[in-house]
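Visitor: Residues 662 to 756 (the numbering used here) are what the sequence shown spells out, left to right.
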Amino acid sequence: PQRIWQRIAMAMYAGQWQLAEYLERDLSKNDRDWVERWIALYKAPATISDLQPFSKPHPYREAMLAHGVRRLARSDTMEALRQWRNVSAQFDFSD
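1) Work out the CA separation of residue 736 and residue 721 for me, nearest whole Å.
2) Please list the terminal residues of the continuous alpha helix (DSSP H) segment that includes residue 679.
3) What are the boundary residues of the alpha helix (DSSP H) that residue 751 is part of?
4) Pick helix, strand or coil for residue 720, following the three-state DSSP scheme.
5) With three or more C-beta pairs closer than 8 Å as the rule, is the segment 736 to 753 touching the segment 688 to 702?
6) What residue range does the alpha helix (DSSP H) around residue 632 cover?
7) May I ask you to verify whether the segment 704 to 715 touches the segment 682 to 689, counting CB pairs closer than 8 Å and requiring at least 3?
8) In angstroms with no decimal places, state the Cα-to-Cα distance between residue 680 and residue 753.
9) Count the other CB atoms, across all protein chains shown, that sit within 10 Å of the CB of residue 725; report buried if there are 16 or more and exposed otherwise.
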């Protein structure tokens, strides 16, 4: 699963969410749910204000959230800054 997650991350960073969706097929149901969360955040970065779907730990959770904030910054820099402050106060981005 780690190699699949690496490929999913590369696809998401490249804006190829459809490829990420395809790659998720070999993951567990729980991991597929996480990929779907990431895709939803990619498509609608303003939804990062609702952190509840990201409340449980996952190895890629912080990467997903940081990516969502970067995507939001493309359309609303000030809101992205507000959301980054909120997200970074609740999650550990030290890695």
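Note that beta-carbon positions come from the ideal geometry of N, C-alpha and C, so glycine has one too.
Guide: Short version:
1) Against the sequence shown, residue 721 aligns to sequence position 60. Against the sequence shown, residue 736 aligns to sequence position 75. Spanning the two alpha carbons is a distance of roughly 24 Å.
2) Indexing the sequence shown from 1 puts residue 679 at position 18. First-last of the alpha helix (DSSP H) with residue 679: 678 to 684.
3) Within the sequence shown, the letter at position 90 stands for residue 751. Here the alpha helix (DSSP H) through residue 751 covers 738 to 751.
4) Translated into the one-based positions of the sequence shown, residue 720 becomes position 59. Coil at residue 720, not helix or strand.
5) no
6) In the structure as shown, the chain starts at 662 and stops at 756, and residue 632 therefore has no counterpart that could be examined.
7) No, because fewer than three Cβ pairs between the segment 704 to 715 and the segment 682 to 689 fall closer than 8 Å, the two stretches do not touch.
8) Stepping through the sequence shown from its first residue, residue 680 is reached at position 19. Stepping through the sequence shown from its first residue, residue 753 is reached at position 92. Roughly 28 Å separates the two Cα atoms.
9) To locate residue 725, count along the sequence shown from 1; it is residue 64. When all chains shown are included, residue 725 counts as buried.
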